[in-house]
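Notes to accompany the following structure.
Residue numbers (this note's numbering): 67 to 345.
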């Protein structure tokens with residue numbers, strides 16, 4: 067049957083539609099590639115997170131009992147217990163700082179015990195939480211914190227003792243404990259804080275002299291822009307990094323900004339309690 071002049075072959079129409087769809091996808095792909103090329107041409111060093119950090123809303127460290135229920139879950143009629151195992155030959159100094167910070171905000175029932183795997187614990191470690199006198203009945207406390215000196219390779223922590231797998235490592239335990247203070251950050255700030263904690267543990271504490279020197283230079287640069295390692299508020303990054311520097315005796319001949327930051331840390335009472343352990 068012959069086709070009239072104004073009629074279009076359906077197969078040609080379908081081909082045109084496919085071509086238009088392909089061209090549209092090609093343009094979208096080109097736009098995406100252009101965007102990626104701009105990112106690749108911009109070195110990471112050009113990215114300055116300072117403005118994002120400064121714009122971050124820092125929640126004050128004033129968590130309440132109600133906040134503890136939100137953070138740890140509500141358990142009617144039971145004290146929330148945190149149990150930490152640590153080796154007395156490698157005491158986690160950050161635990162002392164964080165214990166003091168938590169005591170400023172909660173009623174803490176603290177206790178220290180010695181496991182049978184440990185033959186000797188220095189007197190100062192047995193009293194590192196201060197004189198613990200139980201003045202109230204157990205249910206009147208908000209949080210229980212028990213430290214057990216035990217022969218373990220790394221510090222271990224359990225919150226829900228019956229069901230929870232242990233959290234291992236000083237940095238991870240410090241993150242958990244500091245989170246109980248209720249401080250909140252945006253994703254960029256939280257990532258930078260995590261990065262400094264890992265840097266302190268794996269490079270300052272366990273790295274080579276070259277790695278330590280590189281970290282101190284990075285710290286000096288960061289502390290030239292802000293009062294603390296990340297932004298204008300004390301974070302767990304400051305706690306862990308200060309403890310590692312003091313415990314590894316890496317505070318001699320540190321750069322100017324780092325020296326100033328060390329003094330800022332030590333002007334706070336929780337750090338003073340940890341300093342006593344080093345004397």
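Note that CB positions come from ideal geometry on N, CA and C, so glycine has one too. On a predicted model such as this, the values are computed, not experimentally measured, just so you know.
Per DSSP, what kind of secondary structure is residue i in: helix, strand or coil?
{"i": "residue 222", "result": "strand"}
{"i": "residue 252", "result": "coil"}
{"i": "residue 343", "result": "helix"}
{"i": "residue 86", "result": "helix"}
{"i": "residue 265", "result": "helix"}
{"i": "residue 238", "result": "helix"}
{"i": "residue 203", "result": "coil"}
{"i": "residue 77", "result": "helix"}
{"i": "residue 130", "result": "Caution is warranted here: a pLDDT of 49 is assigned to residue 130, below 50, making its placement in the model unreliable, and the coordinate value is therefore given only provisionally. Of the three classes helix, strand and coil, the one that applies to residue 130 here is coil, per DSSP."}
{"i": "residue 166", "result": "helix"}
{"i": "residue 176", "result": "strand"}
{"i": "residue 292", "result": "coil"}
{"i": "residue 186", "result": "coil"}
Taking 8 Å as the cut-off, is the beta-carbon of residue i closer than that to any non-hydrogen atom of the ligand GTP?
{"i": "residue 286", "result": "Of the ligands one can find in the structure shown there are none, so the ligand GTP has no counterpart to examine."}
Could you say which of the options lies nearest to residue i if we only look at CA atoms?
{"i": "residue 147", "options": "191, 204, 190, 161", "result": "204"}
{"i": "residue 248", "options": "149, 265, 300", "result": "300"}
{"i": "residue 305", "options": "337, 292, 183, 278", "result": "337"}
{"i": "residue 179", "options": "316, 256, 151, 265", "result": "151"}
{"i": "residue 213", "options": "276, 295, 194", "result": "194"}
{"i": "residue 186", "options": "155, 177, 173", "result": "155"}
{"i": "residue 242", "options": "252, 224, 254, 255", "result": "224"}
{"i": "residue 183", "options": "217, 75, 327", "result": "217"}
{"i": "residue 231", "options": "280, 284, 149, 325", "result": "149"}
{"i": "residue 168", "options": "240, 191, 202, 157", "result": "240"}
{"i": "residue 266", "options": "285, 84, 252", "result": "285"}
{"i": "residue 250", "options": "292, 157, 296", "result": "296"}
{"i": "residue 344", "options": "309, 321, 331", "result": "309"}
{"i": "residue 342", "options": "330, 321, 320, 313", "result": "313"}
{"i": "residue 321", "options": "280, 331, 333", "result": "280"}
{"i": "residue 278", "options": "190, 264, 316, 75", "result": "316"}
{"i": "residue 236", "options": "87, 330, 158", "result": "158"}
{"i": "residue 192", "options": "75, 162, 333", "result": "162"}
Alpha carbon to alpha carbon, how far is residue i from residue j?
{"i": "residue 287", "j": "residue 270", "result": "16 Å"}
{"i": "residue 311", "j": "residue 160", "result": "11 Å"}
{"i": "residue 166", "j": "residue 339", "result": "8 Å"}
{"i": "residue 282", "j": "residue 260", "result": "17 Å"}
{"i": "residue 298", "j": "residue 238", "result": "23 Å"}
{"i": "residue 245", "j": "residue 81", "result": "60 Å"}
{"i": "residue 234", "j": "residue 290", "result": "33 Å"}
{"i": "residue 318", "j": "residue 215", "result": "30 Å"}
{"i": "residue 188", "j": "residue 323", "result": "35 Å"}
{"i": "residue 89", "j": "residue 258", "result": "42 Å"}
{"i": "residue 175", "j": "residue 276", "result": "42 Å"}
{"i": "residue 172", "j": "residue 91", "result": "58 Å"}
{"i": "residue 177", "j": "residue 206", "result": "16 Å"}
{"i": "residue 221", "j": "residue 153", "result": "7 Å"}
{"i": "residue 262", "j": "residue 303", "result": "6 Å"}
{"i": "residue 335", "j": "residue 274", "result": "31 Å"}
{"i": "residue 272", "j": "residue 327", "result": "22 Å"}
{"i": "residue 268", "j": "residue 83", "result": "58 Å"}
{"i": "residue 256", "j": "residue 164", "result": "18 Å"}
{"i": "residue 79", "j": "residue 253", "result": "50 Å"}
{"i": "residue 307", "j": "residue 197", "result": "27 Å"}
{"i": "residue 208", "j": "residue 325", "result": "37 Å"}
{"i": "residue 331", "j": "residue 294", "result": "9 Å"}
{"i": "residue 202", "j": "residue 170", "result": "17 Å"}
{"i": "residue 211", "j": "residue 219", "result": "20 Å"}
Taking the beta strand (DSSP E) that residue i falls in, what are its first and last residues?
{"i": "residue 276", "result": "Residue 276 -> not in any beta strand (DSSP E); alpha helix (DSSP H) instead, spanning 275–289."}
{"i": "residue 149", "result": "146–152"}
{"i": "residue 211", "result": "209–215"}
I'd like to know whether the C-beta of residue i is nearer than 9 Å to at least one C-beta of chain D.
{"i": "residue 336", "result": "This model lacks chain D altogether; it includes just one protein chain."}
Quick one: give me the first and last residue of the alpha helix (DSSP H) that residue i is part of.
{"i": "residue 191", "result": "189–192"}
Those runs of the beta strand (DSSP E) which lie wholly inside the region 298–341 and span at least 3 residues: none
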